[in-house]
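Structure first, then comments.
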Amino acid sequence: MSEIVPPEVRPKPAVPAKPTGISSVHGSQGSGVGGQGAGGGSSLLGYIGIDTIIEQMRKKTMKTGFDFNIMVVGTSGLGKSTLVNTLFKSQVSRRSTGWSRDEKIPRTVEIKAVSHVIEEGGVKMKLTVIDTPGFGDQINNENCWDPISKYINEQYEKFLKEEVNIARKKRIPDTRVHCCLYFISPTGHSLRQLDTEFMKNLSRMVNIIPVIAKSDTLTVEEKIEFKQRVRKELEISGIEFYPQKEFDEDMEDKSDNDKIREAMPFAVVGSDKEYQVNGKRVLGRKTPWGVVEVENPIHCEFAQLRDFLIRSHLQDLKEVTHNIHYETYRAKRLNDNGGLHPISTAPSGDTQESNL
Ligand SMILES: Nc1nc2c(ncn2[C@@H]2O[C@H](COP(=O)(O)OP(=O)(O)OP(=O)(O)O)[C@@H](O)[C@H]2O)c(=O)[nH]1
Ligand SMILES: [Mg+2]
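As numbered in our numbering, residues 16 to 371 make up the sequence shown, in order.
Pasting the structure below:
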């Protein structure tokens, strides 16, 4: 990734090698030149400091920060905008997205990106959530994914345009969609044809993460059964959702990702309202029989989804976006363009600028 790649080799290392006084190591082991460094304490098997790359990368990332962009899509009224608010108001940032506490979230009518720069432990992340209008309530829903795929491609195009510039920016603002949360209606039945078609189309250009919306409307058994059915139907339809099996790098990766794939699609509940439960303020949905707590893993899988997106797979989502989805777009685009001519972009509507 542009911002988290190892820093270039420089004459002076950012982190001093330790222990000091190690001279360079030439030739094969045991050639007898050890112990010639200043202080005489080094040997051929002495510490070189390769592991300091981690510290160097950490420092670099802390300085530059990084972008992470999540898009929410799905049919109308499934709680997409609510979940955007939930993400920002939950432990991700404890901030609000602009609606006041009692304001009702209006129906989304255009693609809208909301960003917050979140800082933790000295690391800055610009989290952008791209909210999209719900679809599926037209008589003809054919190609209803066009505005979404157009937006995704526009961000690739913007990045490509910056990359092929002769005077390139040191850090290209990354507005590319790193993952797309696809909201599935909690019907308890099957996926609708529109869902499978939509996901199939989009999974070729972006990381798709299916989620079951409004899971508080399902009983525990219904939820388990519905999740199983959705997984099966996704497999039958050949929809590759993230983390894609073909990109597992080794057995450890495969075993970790298998567990996640078996837990998907995460059944979430969204809310931006806070209630007092056992002396603590929690985000939740108040019902006559109690509060459904959004961040309580016993009540729903929102916290699991958030940890998966941010704590365990953020870097991988960015890498798959860059190395697979963007690369596919880039290769096609340069091929179509003869690979030589300057590329012109149409103005891309609602876009974001990095303010990191
Ligand atoms: N039961 C339940 N209701 C929810 C949940 N999330 C949102 N809602 C309610 O569902 C309604 C629609 O929520 P929105 O967030 O506007 O849905 P949307 O998907 O953004 O809708 P569009 O913008 O029309 O696509 C609101 O009344 C929300 O309060 C949930 O997890 N469970
Ligand atoms: Mg909405």
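All residues carry an ideal CB built from backbone N, CA and C; glycine is no exception.
For HIS204, count the other beta carbons within 10 Å of its own beta carbon; 16 or more makes it buried, fewer makes it exposed. Which is it?
Under this definition HIS204 is an exposed residue.
What is the C-beta distance between ILE85 and CYS194, in whole angstroms, given that I count them as a contact (C-beta under 8 Å)?
Their Cβ separation, rounded to whole angstroms, is 6 Å, which keeps ILE85 and CYS194 in contact under 8 Å.
Please classify MET220 as buried or exposed, where buried requires at least 16 neighbouring CB atoms within 10 angstroms.
buried
In its own chain, which residues sit with a C-beta less than 8 Å from the C-beta of PHE174, not counting the 5 before and 5 after it?
ILE187, ASP189, THR190, ARG191, TYR341
Give a single yes or no on whether ASP231 has its beta carbon closer than 7 Å to a heavy atom of ligand 3.
In terms of ligand content, the structure shown lacks ligand 3 and carries ligand 1 and ligand 2 instead.
When the Cα atoms are used, what is the spatial distance from GLU240 to GLU178?
Straight-line Cα distance between these residues: approximately 46 Å.
Run the CB neighbour count on ILE63, radius 10 Å, all protein chains shown included, and call it buried at 16 or more, exposed below.
exposed
Report, in whole angstroms, the separation of the C-beta atoms of ILE163 and LEU93, which I expect to be a contact under 8 Å.
Separation of the CB atoms of ILE163 and LEU93 is rounded to 15 Å, and the pair is thereby denied contact status at 8 Å.
Going by C-alpha distance, which of LEU324, ASN158, GLU289 is nearest VAL307?
Closest in C-alpha terms to VAL307, from the list LEU324, ASN158, GLU289, comes GLU289.
Using the Cβ count rule (16 or more neighbours within 10 Å means buried), how would you classify ILE223?
Taking all protein chains in view, the Cβ of ILE223 is crowded by 16 or more other Cβ atoms within 10 Å, so the residue is classified as buried.
For LYS229, I'd like the list of residues in its chain whose CB is within less than 6 Å of its CB, leaving aside the five on either flank, ordered along the chain.
So the qualifying residues of the chain are GLY94, PRO201.
Could you tell me the alpha carbon to alpha carbon distance between LEU249 and THR211, rounded to whole angstroms?
7 Å
From what residue to what residue does the beta strand (DSSP E) around VAL138 run?
Where VAL138 is concerned, the enclosing beta strand (DSSP E) stretches over 138 to 146.
Any heavy atom of ligand 2 closer than 7 Å to the beta-carbon of THR143?
Using a cutoff of 7 Å, the CB of THR143 does not count as near ligand 2, since none of the ligand's heavy atoms is closer than that.
From the DSSP output, in three-state form, read off ASP82 for me.
strand
Could you spell out where the alpha helix (DSSP H) holding PRO258 opens and where it closes?
Careful: PRO258 lies outside any alpha helix (DSSP H) and carries neither H nor E.
Can you determine whether any heavy atom of ligand 2 sits closer than 7 Å to the C-beta of GLY203, and answer yes or no?
no
Identify the continuous alpha helix (DSSP H) that holds THR343 and give its terminal residues.
Its alpha helix (DSSP H) spans residues 342 to 351.
Just curious, the alpha helix (DSSP H) that ALA182 is in, first and last residue?
No alpha helix (DSSP H) holds ALA182; DSSP gives it neither H nor E.
In the DSSP assignment, the beta strand (DSSP E) including LEU329 goes from what residue to what residue?
From DSSP, LEU329 is part of no beta strand (DSSP E) but of the alpha helix (DSSP H) over 329 to 335.
In the DSSP assignment, what residue or residues form a beta bridge with ILE65?
Looking at the DSSP assignment, ILE65 forms no beta bridge with any residue, so it has no partner.
Using a Cβ-Cβ cutoff of less than 6 Å, which residues in the same chain neighbour VAL269 once the five nearest sequence positions on both sides are dropped?
The residue asked about is misnamed: residue 269 is Lys in this sequence, not Val. Closer than 6 Å at the Cβ level, and outside the excluded window around LYS269, lie ASP263.
Ligand 1 and LEU324: does the residue's C-beta get closer than 7 Å to at least one heavy atom of that ligand?
Set against 7 Å, the gap from the CB of LEU324 to the closest heavy atom of ligand 1 is not smaller.
In the DSSP assignment, what are the bridge partners of PRO225?
TYR197
Specify, as a first and last residue, the run of the alpha helix (DSSP H) that ILE251 falls within.
235 to 251
When we look at the beta-carbon of VAL235 and count the other beta-carbons within 10 Å, is it buried (16 or more) or exposed?
exposed
Just to confirm, are LYS242 and ALA282 a CB contact at a threshold of 8 Å?
yes
Take PHE323 as the anchor and find which of GLY299, THR343, ASN272, ASP351 has the nearest alpha-carbon.
ASN272
Using 8 Å for Cβ pairs, my map puts SER96 next to ILE120. What's the rounded Cβ distance?
5 Å
Measuring only the C-alpha atoms, how far is VAL88 from ILE145?
9 Å
Would the region 310 to 318 and the region 125 to 132 be scored as touching if the rule is three or more Cβ pairs under 8 Å?
Contact between the region 310 to 318 and the region 125 to 132 is absent, because fewer than three Cβ pairs lie under 8 Å.
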